[in-house]
Amino acid sequence: MKLYRDDSNEARAEAFDENGLLACFLESDVQCEKDVAIELLQYLEQKQGERIGNAYKVIFDETHVHISELEGKMESRTYGRNHFFQAVEAWMVFISD
Numbered sequence: 003m004k005l006y007r008d009d010s011n012e013a014r015a016e017a018f019d020e021n022g023l024l025a026c027f028l029e030s031d032v033q034c035e036k037d038v039a040i041e042l043l044q045y046l047e048q049k050q051g052e053r054i055g056n057a058y059k060v061i062f063d064e065t066h067v068h069i070s071e072l073e074g075k076m077e078s079r080t081y082g083r084n085h086f087f088q089a090v091e092a093w094m095v096f097i098s099d
């Protein structure tokens, strides 16, 4: 996943593989809000929960994180908890710079 700032200095995430939905989720629902990222990590610790954001619904269970668009054409995806954790952590570091 590529994390970068566009010409307007907006935080962007880009991926053209299975991480495409995750990149879109970080960019649109987490944005530059560290507290949202922290909340997501807390759901991971609890090993359960659901978060509905601007454009995505995320469901946490003991082994996976499921992301689906509230409206749209992208197919829902399931990620391993560790994979999701690493992506959110990388995003937090990126938006902190």
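For the sequence shown, my numbering begins at 3 and goes up steadily by one. Virtual Cβ for every residue (Gly too), placed ideally from N, Cα, C. The model shown is predicted, which means the values in this text are computed figures rather than measured ones.
Contact check for A13 and E35: beta-carbon distance about 10 Å, past the 8 Å limit, so the pair fails to qualify. Looking at the DSSP output, E71 bridges to Y58. For L5, the pairing in a beta bridge is given by DSSP as A15. Listed as beta-bridge partners of T80 by DSSP are H68.
E52 carries a strand assignment under DSSP once its states are collapsed to helix, strand and coil. Within the same chain, D31 come within 6 Å of G55 by CB-CB distance, once the 5 residues on both sides are set aside. Q44 sits in a helix when the DSSP states are folded into three classes.
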